[in-house]
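Trainee:
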Amino acid sequence: MVFLEALMLIFSSVSVGYKQTHHFQCFTKSQITHCLFISLHHFQARQDAAVDVYERLPVPFGLVRFGVAPDHPEVKNVINTFTQTAQHERCSFHGNVNVGKDVTIDELRQAYHAVVLSYGAEGNRSMGIPGEDLPGVFSAKDFVGWYNGLPSNKELRPDLSCETAVILGQGNVALDVARILLAPVEMLKETDITQNALKALAGSKVRRVLIVGRRGPLQIACTIKELREMVNLPNSRADMLPADFEGIAEALKDLPRPRKRLTELMMKAAKEGGDDKAEKCWGFRFFRSPVEVIAGADGKRATGIRLALNKLEGSGESARAEVTGQMEDVDCGLIISSIGYKSIPIDPAVPFDPRRAIVPNEMGRVQDTAGLYCSGWVKRGPTGVIATTMNDSFDTARVLIQDMEAGKLDLSVNKPGAQAITALLQTRGVRTVLFSQWEKINAEEEKRGKFLGKPREKLLDVDEMLKIAWS
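Numbered per mature numbering (1 follows the signal peptide of the UniProt record, and there is no 0), the sequence shown spans residues -17 to -1, 1 to 454.
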């Protein structure tokens, strides 16, 4: 997935500072990616810029580490650039710091000339339907975190003993999850997927995955790369409903080229299906909205989902799904909700728009709070891929530099930066993890991975990470 729908998940805070050199801070909860893009831009634009990155976990790289699918190693190559930036003499990484809890935003603002919030979207959007809390129902965020080694999801125990899984949502993350569920284990064993997940998938009985969306083929949110991967997945065939594609061929000529290519590939898959000898199948189910998770006779776990059948009002991207009153029940033992993420408030001192689930801002300047900026999903909402994030981060960095040069930030006052924050954290019993200490964790993960024939075996326990980092 490119999620990096990603930068959603793991960091906690970054600060940018100028010392005379001037100090700036970036803090992240799952998006160190943003902070390092911002850092790179500052270093290129200002020789007096120093950037400190505060991260909740002992490990960096947020969404790239915990959000990108394990079978997309080419996307993870961006870590090499991030590492070079993090090792820059004017960049400092401080892991194991939970901003908003271990240190407040006001305390950071006192220590830095500017603070950039880049903490992503770690909350889930609720389906708001009966039964969504039943065992057997998971958010895509948690499911992705499970197979990607996010410590907070290490105890997830998805029951893969059912034949049919239903994924709600049709974006790239949904297709990532479908692909991982159906991919031959041989395709995954040489990736950085966790051994726990690999073992569970090796014993999986899931043979059919339905990917459900409330609108139609012309509104689907995935990109052609992810769709092509599904079409070409070994030992799997496409299983679509012809009725879902009625009238679509006539609309092709008016579509933008990317949407046209995506739709043509989808229609081809629907028509040809694939290898009849394939043991597994997947398919989109359009014009359907979840209304209830159906429990088994004992009421203890999910055994199906009830879907409302929809019709579209309007056309194109703005078409709205309207219920028809008809219902459809689908038997399934695994339900994964991939309907989006949302940012959450980080600190009472930071304005927050609960309706849009973002920090209210103007071009990255946090509303009514001089010297406080935001970037990424907490700035604009949970959309886009790594390139989107990169450009957004550069935009925030440019705005910050403009404010510096326009005198909107008081750079005449010397700010202590990480020196003051580290001392404050020590009084609270919080010990940070520096980038050189993360490299010890990295070396151990690569060592364990080499033994297993894979790039790395991620550590899942934070205490174990800290023990290795501080050894």
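Ideal placement from N, C-alpha and C gives every residue a C-beta, glycine not left out.
If you're wondering where the values come from, they're calculated on a predicted model, not measured in any experiment.
1) Grab the span of the alpha helix (DSSP H) containing PHE377 for me, first residue to last.
2) Measure the alpha-carbon distance for MET170 versus THR372 and round it to whole angstroms.
3) Pick from ASN155, GLY299, PRO167, SER219: whose alpha carbon is nearest that of LEU210?
4) What is the DSSP secondary structure of SER419, reduced to helix, strand or coil?
5) So ALA97 and TYR324 are supposed to be a Cβ contact under 8 Å. How far apart are they, rounded?
6) Count the other C-beta atoms from every protein chain shown that fall within 10 angstroms of the C-beta of ASN60, then say buried if there are 16 or more, exposed otherwise.
7) Tell whether a beta-carbon distance below 8 Å holds between ARG268 and ILE207.
8) Within 10 angstroms of the Cβ of VAL168, are there 16 or more other Cβ atoms? Answer buried if so, exposed if not.
9) Distance, Cα to Cα, SER358 vs THR379?
10) State the start and end residues of the unbroken alpha helix (DSSP H) segment that holds ALA253.
11) So, with DSSP's three-state summary, where would you put SER301?
12) Does the Cβ-Cβ distance between ALA221 and ALA253 come in under 8 Å?
13) Comparing C-alpha positions only, which one of LYS433, LEU449, PHE418, ALA452 sits nearest to HIS71?
14) Cutting at 7 Å between CB atoms, please list the residues of its own chain near ASP89, excluding the five before and the five after it.
15) Whose CA, out of GLY266, CYS205, ARG197, PRO134, lies closest to the CA of GLY367?
16) Label SER109 either buried or exposed according to how many other C-beta atoms from any shown protein chain fall within 10 Å of its C-beta, with 16 as the threshold for buried.
17) Check this for me: beta carbons of ASP159 and LEU139, under 8 Å apart or not?
18) Can you have a look at PHE270 and say buried or exposed, based on whether 16 or more other CB atoms are within 10 angstroms of its CB?
19) Considering only residues of the same chain and omitting the five flanking positions on each side of LEU435, which have a CB-CB separation below 6 Å?
20) What number of angstroms, rounded off, separates the C-alpha of THR246 from the C-alpha of GLU255?
21) Measure the alpha-carbon distance for ASN293 versus ASN107 and round it to whole angstroms.
22) From the DSSP secondary-structure annotation, give me the bridge partner or partners of HIS77.
23) Under 8 Å between the Cβ atoms of ARG162 and GLU105?
24) With a CB to CB cut of under 8 Å and the five nearest residues on each side skipped, what residues in its chain are close to VAL349?
Mentor: Working from what's here:
1) 369 to 388
2) 29 Å
3) ASN155
4) helix
5) With a Cβ gap of about 26 Å, ALA97 and TYR324 do not count as contacting.
6) exposed
7) no
8) exposed
9) 6 Å
10) 240 to 255
11) helix
12) Yes, they are a contact pair.
13) PHE418
14) ALA332
15) The candidate whose alpha carbon is nearest that of GLY367 is CYS205.
16) exposed
17) For ASP159 and LEU139, no; Cβs fall outside 8 Å.
18) Buried is the call here.
19) none
20) 14 Å
21) ASN293 and ASN107: Cα-Cα distance of roughly 24 Å.
22) Under DSSP, HIS77 takes part in a beta bridge, and its partners are TYR37.
23) No, these two residues do not count as a Cβ contact at 8 Å.
24) LEU100, VAL333, PRO334, VAL342, PRO343, LEU355, TYR356, CYS357
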